[in-house]
Structure formats: structure tokens, C-alpha cells
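In what follows, a single structure is set out as C-alpha cells and then discussed.
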Amino acid sequence: LGLDMEELEEIEEDAGLGNGGLGRLAACFLDSMATLGLAAYGYGIRYEYGIFNQKIRDGWQVEEADDWLRHGNPWEKARPEYMLPVHFYGRVEHTATGAKWVDTQVVLALPYDTPVPGYMNNTVNTMRLWSARAPNDFNLRDFNVGDYIQAVLDRNVAENISRVLYPNDNFFEGKELRLKQEYFVVAATLQDIIRRFKASKFGSTDSVRTVFDSFPDQVAIQLNDTHPAMAIPELMRIFVDIEKLPWNKAWDITKQTFAYTNHTVLPEALERWPVDLMEKLLPRHLQIIYEINQRHLDHIASLFPNDVDRLRRMSLIEEGGTKRINMAHLCIVGSHAVNGVAKIHSEIVKTQVFKDFAALEPEKFQNKTNGITPRRWLLLCNPGLAELIAEKIGEDYVRDLSQLTKLHEFVDDDLFIREVAKVKQENKVKFALYLEKEYKVKINPSSVFDVHVKRIHEYKRQLMNCLHIITMYNRIRRDPAKLFVPRTVIIGGKAAPGYHMAKMIIKLINAVAQVVNNDPVVGSKLRVIFLENYRVSLAEKVIPATDLSEQISTAGTEASGTGNMKFMLNGALTIGTMDGANVEMAEEAGEENLFIFGMRVEDVTELDRKGYNAQEYYDQLPELKQAIDQIKSGFFSPKEPDLFKDVVNMLFYHDRFKVFADYEAYVKCQEKVSELYLNSKAWTKMVIRNIAAAGKFSSDRTIKEYARDIWHVEPSDLKIPPPNEPRDAAEDKTPNGTAA
9 LGLDMEELEE IEEDAGLGNG GLGRLAACFL DSMATLGLAA YGYGIRYEYG IFNQKIRDGW
69 QVEEADDWLR HGNPWEKARP EYMLPVHFYG RVEHTATGAK WVDTQVVLAL PYDTPVPGYM
129 NNTVNTMRLW SARAPNDFNL RDFNVGDYIQ AVLDRNVAEN ISRVLYPNDN FFEGKELRLK
189 QEYFVVAATL QDIIRRFKAS KFGSTDSVRT VFDSFPDQVA IQLNDTHPAM AIPELMRIFV
249 DIEKLPWNKA WDITKQTFAY TNHTVLPEAL ERWPVDLMEK LLPRHLQIIY EINQRHLDHI
309 ASLFPNDVDR LRRMSLIEEG GTKRINMAHL CIVGSHAVNG VAKIHSEIVK TQVFKDFAAL
369 EPEKFQNKTN GITPRRWLLL CNPGLAELIA EKIGEDYVRD LSQLTKLHEF VDDDLFIREV
429 AKVKQENKVK FALYLEKEYK VKINPSSVFD VHVKRIHEYK RQLMNCLHII TMYNRIRRDP
489 AKLFVPRTVI IGGKAAPGYH MAKMIIKLIN AVAQVVNNDP VVGSKLRVIF LENYRVSLAE
549 KVIPATDLSE QISTAGTEAS GTGNMKFMLN GALTIGTMDG ANVEMAEEAG EENLFIFGMR
609 VEDVTELDRK GYNAQEYYDQ LPELKQAIDQ IKSGFFSPKE PDLFKDVVNM LFYHDRFKVF
669 ADYEAYVKCQ EKVSELYLNS KAWTKMVIRN IAAAGKFSSD RTIKEYARDI WHVEPSDLKI
729 PPPNEPRDAA EDKTPNGTAA
């Protein structure tokens with residue numbers, strides 16, 4: 009048709025239905041499950057408005073609605089024939105035959121299916137996203153016959169459930185609409201799963217009743233953080249109230265069905281729903297949670313008599329002030345497996361955050377280190393590098409990323425070294441042109457592309473990067489003639505709209521960029537760019553062009569991280585702390601092939617014990633003092649000298665993430681980066697060692713571990729015959745004529 013494929017791809021909107029790592033991880037997992045031939049479904053909400061579009065105006069973040077469906081979505085298929093009712097509010101009646109949840113308000117869940125193709129194996133799985141619809145008699149079945157127009161307008165109230173994604177990453181906001189969303193996706197999904205189970209040969213019915221004994225053998229449900237935790241009381245409600253199973257049997261089946269993945273240890277991120285909100289919205293579920301808790305606490309009291317403090321710590325209900333339900337505790341008690349998402353994180357989960365639970369059932373706790381799909385994060389975004397690798401080791405690595413270790417043989421191959429460097433340089437030139445087009449700044453493509461892209465959060469320490477930028481700037485101004493290895497520092501990411509400090513950090517970075525980029529003394533030595541509206545499609549452009557990946561969270565705060573893995577696979581070197589999956593990246597590649605710096609978890613613990621005093625570092629480090637004084641005095645905000653007083657005040661008096669404590673080690677480590685970059689060959693050899701060690705971080709490996717250790721299913725590498733092949737010809741290809 010004479011259309012350019014790249015141009016067409018640019019037009020398509022991202023489906024921004026997640027906040028950051030958690031949503032992107034789910035997408036990688038869907039790709040891997042299909043590629044491994046698992047019969048798996050991804051369930052979620054079809055938000056009308058996804059994560060906001062970020063505009064930078066005068067250095068500040070401004071949010072715009074993400075109307076991603078404006079031009080339609082060709083990949084989805086509405087399935088009204090599978091529409092299901094979801095109930096809210098009402099009250100509970102206790103009858104002779106059991107509890108009845110009555111006088112509820114009904115919202116309909118309309119499913120939209122999106123195909124998830126496996127890689128070259130003719131497998132296509134389904135992602136099913138629910139959209140909220142008001143029933144046609146909504147507000148009209150009541151006796152308020154009067155205002156028909158208002159009744160129709162009020163349908164919006166029901167349909168608002170799937171209107172918009174809450175834009176918080178690693179932060180809990182206890183809003184009624186959010187709890188409605190969480191229950192909505194869970195209630196619709198469980199009905200769907202049970203319908204499918206009953207329709208299969210396993211849901212055998214003796215006379216009327218379904219026998220659910222085989223349910224956990226046929227169904228595994230993985231809870232992606234605590235957001236779908238209401239699935240536990242909901243499945244109990246279905247089994248006990250509707251299917252009339254005895255409590256103990258229902259509970260046994262429920263526990264065998266669910267497994268829970270924890271994604272964060274930050275206390276402000278843990279979901280703790282107020283009991284009175286739950287009582288209003290889901291009264292029957294609150295009763296069920298109370299019953300689960302009672303039996304749970306009875307069990308603990310029998311093991312630890314008179315240990316009231318342990319009962320308090322382990323309860324699903326937190327007393328004191330407003331009573332709250334601890335959703336993580338509900339997930340642990342209601343699941344047969346609990347996992348963290350990197351070795352260090354799973355250790356912290358076991359020994360600190362949930363140590364009472366781990367002491368009780370150590371066998372329940374596991375690790376499943378996160379991964380990324382090499383299809384999107386290498387083949388699709390970096391075809392030059394993917395092709396170069398294929399020339400050396402063949403194409404099989406795409407489905408078995410562990411084969412990248414074969415690249416170790418070529419680490420001293422001069423031609424290969426040059427080719428790897430050339431691909432990186434081409435990617436940098438291409439991205440530099442993109443930046444010049446979008447940001448009207450001249451970029452030096454031979455500079456170090458130093459990239460820090462992720463959600464803006466204090467624990468991720470974009471502020472520490474900012475202090476390093478100011479330090480480099482001051483060094484250039486102090487001695488303009490001295491050799492300086494040129495840098496282009498690229499920082500990008502969205503701040504939650506209500507997160508004041510994160511928004512101030514964005515403004516500070518932009519204020520610093522304004523000064524640095526317009527100082528003639530600096531010239532092309534140092535450029536600072538804040539990347540607007542960071543999202544998956546932009547990650548696909550910036551990651552292949554990156555030289556240095558910034559992974560600098562305070563040790564013990566980033567559960568895993570997955571951006572770190574994407575950069576490693578795409579030939580960037582990592583500067584980072586011993587946190588999350590960085591630890592395992594260093595283990596795989598050798599610590600000498602990453603730029604590791606700063607406090608370890610033990611050092612942070614020790615510093616907390618003795619008390620962190622930011623002032624000490626300020627007094628002892630002249631370059632840190634200079635940078636902070638410049639921020640404080642208005643050097644970067646001359647029209648509003650005390651613009652950043654909140655930021656400076658936080659750094660001195662309530663910095664939970666100890667930026668000053670790691671500043672010196674960080675700056676020294678950055679000097680090592682610049683030094684190595686001067687030796688192009690040594691740099692590229694280190695890059696090759698990193699790529700060769702990246703195999704572990706495929707989401708295929710992660711999913712195989714979930715499949716074997718938690719779901720008890722076997723991945724299949726059988727290629728399903730394509731639909732154009734006659735069936736009988738296909739039969740010969742499978743061992744015994746049965747589908748995998």
C-alpha cells in the first residue's frame with residue numbers, strides 16, 4: 009500500500025494500562041507463557057483512560073488524560089456473550105441454608121479479548137480485560153419512576169469502575185472506587201474460571217452439585233501483588249454460600265488454588281483497607297475475612313499460648329485508630345506459595361517483613377527472580393544487535409536465552425568487538441536525531457549516554473543523579489581546560505500526580521538542565537535532558553542507545569527492577585547499588601563487570617541503628633556542600649530563590665533513603681565509568697561480558713520456575729500445527745495424538 013511500517017507503528021497508541029514495573033512484568037509474563045505453550049490467561053481491567061500522558065511545561069509535570077481508545081483498538085474483540093454480573097453494597101441475611109447477600113447493586117462486566125501470540129509456535133493465548141456496564145434496568149427497577157433522564161445519566165456511576173487507572177506506583181491510596189475496581193476484576197474473573205471448570209470434563213456433576221475436589225489440579229491463580237487479594241474471600245463465598253461446600257473443604261481448595269507474589273517492601277505501598285469501607289461495600293466478604301482471621305489466630309494461639317503480641321502482629325485485622333485489613337496477611341494465609349521477585353528481596357520478605365509467617369511455614373516462601381521477554385526487549389527494539397548475535401551463535405537463543413553464554417568465546421574477537429560498538433553507535437545516532445527533533449538540543453553522539461528512566465520516587469534516588477550532574481557541572485566550570493569525558497544525561501519518568509516531592513524532583517532536574525545546557529563554558533561536554541512522557545514505546549527507543557544504566561535505589565528498597573535487565577541485554581553497562589536483581593546481575597556477569605557502589609543492606613541497617621545524620625556528610629564533602637548550597641540559594645531558580653527549600657529540607661531532616669550517605673561513593677564510581685569509556689575496546693569487551701551473562705533474566709526462565717514450583721504444570725515446546733495444515737497430517741507430529 010506504499011505505507012512505511014515504522015511510520016505506522018509510531019501512530020499506534022501505547023496501551024498504558026499499568027503504572028510501571030508491575031504492569032510491564034505482567035505483559036512479559038503473558039508473552040513467555042504463550043511462547044512456552046502454557047494454557048494461561050491474563051485477567052485485568054480495560055481502563056478507558058490509562059496512565060496519564062505527561063507534559064513538561066516550564067519544567068513542571070502536567071498531566072493529560074490518556075484517551076488511548078479514541079481511534080479504536082483493532083486488537084481487541086468484545087465478548088458480550090460472556091458478560092457477567094458483579095454485586096456491591098447490600099446486606100447479609102443468615103438463613104437456615106446459610107448466609108445470603110441481598111439487596112445488592114449490580115454492575116455488569118463485559119469482557120474484551122486480546123490475542124497473545126507465542127513466538128513462532130502457532131500458540132495464541134488470551135488476555136481478557138473487563139469493562140464495566142450498567143444493567144439496562146439500572147435505577148429504573150426502583151419505585152423512582154419519576155426521573156427517567158436522571159436514571160439513565162446515573163448509569164455513569166456504575167460504568168466509572170473501569171474509567172481510569174489509579175496512577176500511583178508503590179503507594180496505597182485507600183479510595184472506595186479503587187476497592188470497587190479490585191473487587192470488580194476479581195468477581196468477574198472467578199465466575200469466568202468456574203464457568204470454564206464446570207464446562208470441562210473435570211467439573212463432573214453428581215446429580216446437581218459440581219465436585220470441586222479436582223479444582224486446584226485444574227486451576228492455578230497467581231495474585232500479582234495484593235491488588236487482587238479479594239479473590240480469596242470471593243472464592244470462599246462462592247464455595248460456601250453458593251456451592252454449599254463445608255468451610256474446611258472450601259478453605260483447603262482455596263489455599264491450594266492461590267499463590268501470592270509480593271512486589272514491594274515499602275510500608276506506604278502495602279494495602280490496608282479500612283474495615284468500615286469493606287463493611288459498606290462488601291459486607292459478606294468482611295464476615296468471611298473475620299472468620300478466616302479467627303481460625304488463623306486460633307491456630308497460632310494453639311502453637312504459641314499467651315503470646316498476644318504475636319497474635320497482634322500476625323492478625324489480618326490491624327487494631328488502633330481506624331481498624332484496617334492487612335491485605336498482604338490475607339494473601340499469605342490464603343495461599344499455598346508466597347514469593348519475592350529477586351533473591352535479596354525474597355530474603356527480606358522472609359527475615360523482616362513477614363518473618364512471623366515464615367517462621368510458621370518456611371516451606372511456603374520462595375524466590376522467583378523477575379525476567380523480561382527477549383522478543384520485545386531485544387529482537388523488536390534492537391534488531392541490529394539481535395542479528396549480530398544470531399550471526400555468531402544462531403537464532404535459537406531467542407527461545408533459550410541461556411545460550412547467550414556462547415558469546416564469551418568472542419569477547420576477544422576484534423571484529424566482533426568492533427561490530428558490537430558499531431551497532432551501539434548507530435543506535436545512539438538514531439536516538440540523538442530523535443532527541444534533536446523533539447527537544448531542539450544538539451546532542452554529541454560520542455558522549456556517554458547516561459540514562460535513568462523509571463517512575464520518579466524518592467527511593468529510586470533521581471536526586472542523587474541530579475547531585476552528580478551538578479558536581480560534574482561545577483568541575484567543568486572550575487577547570488574548563490581539564491579533560492572531561494562528555495556526557496549526555498537522560499532522566500525520564502512519571503511522578504504520581506499527588507506526590508509533591510516527586511514533582512519537585514522533576515522541576516529541579518529541569519531547572520538544572522536549563523542552567524547546564526545554556527552555559528557556554530560547558531559547551532557540548534555536558535547535556536541534561538528530561539525525557540517527557542516515558543512509556544514502553546519510548547523505552548524501546550532509548551534503551552538500545554544507552555551506554556550507562558542507572559540503578560541506584562537505596563539497598564533493600566527496589567524489590568527487583570526489570571529496566572536493569574533490559575539495559576544489560578541491550579549492551580549498556582550498569583552503575584548500581586547491591587539492590588534487587590542488580591545483585592544477581594553482578595553474580596552472573598562478575599561484580600568487576602558492573603559499576604557497583606554504596607551501602608549494602610547490612611550497612612543501611614547499621615546506619616539506621618546508629619542514626620543517619622545528613623549534616624555530617626554535608627560538612628565533610630565540599631562538592632556536596634557546594635551543590636546543595638547552589639540548590640538552596642536559588643542558583644538554579646534565580647526568579648524564585650527558595651523554590652527548592654522543601655527538597656533541601658527533606659535531604660537534611662527526613663531523607664529515608666539516605667542520598668548523602670551514598671553520594672561520595674557514587675561520584676567516585678562515576679569517575680571510573682568515565683575512565684573506562686576513554687578505552688573504547690575495554691568498554692565494549694565489558695559490554696559483551698554483560699550481554700553474555702544476561703540469559704538468566706529472560707521471563708521464559710522465570711515462568712518455567714513458576715510453572716514447575718508453584719503451578720505444577722509442564723511447559724510444552726510442541727509446535728501446534730498451523731490451521732492451514734490438514735488435521736490428520738498434524739496427528740503424526742505429536743507422540744500419542746493428544747494435544748499438549
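Each residue of the sequence shown is one higher than the last, beginning at 9 in the working numbering.
By construction, the Cβ of each residue, glycine as well, lies at the ideal position given by its N, Cα and C atoms.
Every value quoted in this text rests on a predicted model; they were computed, and no experiment measured them.
| Query | Result |
| --- | --- |
| Contact check, G531 vs E566, beta carbons under 8 Å | no |
| Residues that Y674 bridges to, as DSSP identifies them | None, per the DSSP bridge assignment. |
| Exposure label - A715; buried when at least 16 CB within 10 Å | buried |
| Exposed unless 16 or more other CB atoms sit within 10 angstroms - verdict on D627 | exposed |
| Beta strand (DSSP E) segments (min. 3 residues) lying fully within the segment 68 to 107 | 68 to 72, 92 to 96, 99 to 103 |
| Beta-carbon gap between P494 and S545 smaller than 8 Å | no |
| Short Cβ contact (8 Å threshold) for E279 with T234 | yes |
| Whether I699 touches L415 by CB criterion (8 Å) | yes |
| C-beta contact flag for I696 and F457 at 8 Å | no |
| Proximity to P93 [Cα-Cα], best of M238, G598, A117 | A117 |
| Alpha carbon of K490 to alpha carbon of V346, nearest angstrom | 54 Å |
| Cβ-Cβ distance between K63 and E722 below 8 Å | no |
| A547 and V536 closer than 8 Å at C-beta | no |
| Alpha carbon of V591 to alpha carbon of R332, nearest angstrom | 35 Å |
| Proximity to Y507 [Cα-Cα], best of Y174, W83, A258 | Y174 |
| L581 in three-state terms, based on DSSP | strand |
| Opposing strand residues paired with L231 [DSSP bridges] | Y268 |
| 8 Å Cβ cutoff met for G67 and N518 | yes |
| Residues that T122 bridges to, as DSSP identifies them | M135 |
| 8 Å Cβ cutoff met for I636 and L516 | no |
| Cβ pair G154, T43 closer than 8 Å | no |
| is_contact[Y674, chain C] using C-beta, thresh 8 Å | The chain inventory of the structure shown lacks chain C, comprising one protein chain alone. |
| Exposed unless 16 or more other CB atoms sit within 10 angstroms - verdict on N687 | exposed |
| Nearest candidate by alpha-carbon position, reference R463, set R32, F266, M593, G564 | R32 |
| Status (buried if at least 16 other CB within 10 Å, exposed otherwise) for G24 | buried |
| Beta-carbon gap between V172 and Y51 smaller than 8 Å | no |
| Distance, L46 Cα to Q411 Cα | 22 Å |
| W281 - partner residues in DSSP beta bridges | I333 |
| C-alpha gap between D717 and R543, whole angstroms | 33 Å |
| Length-filtered (4 minimum) alpha helix (DSSP H) runs lying within the segment 149 to 225 | 156 to 161, 163 to 167, 184 to 207 |
| Own chain, CB closer than 7 Å to E15, minus 5 neighbours either side, in chain order | none |
| Among N270, K252, E596, the one whose alpha carbon lies nearest that of T105 | K252 |
| Continuous alpha helix (DSSP H) assignments of at least 4 residues falling wholly in the segment 402 to 473 | 422 to 447 |
| Cα-Cα separation, T359 to L409 | 32 Å |
| Residues bridged to K63 [DSSP beta-bridge criterion] | V70 |
| Touching by the beta-carbon criterion (3+ pairs, under 8 Å), the segment 82 to 99 and the segment 287 to 302 | yes |
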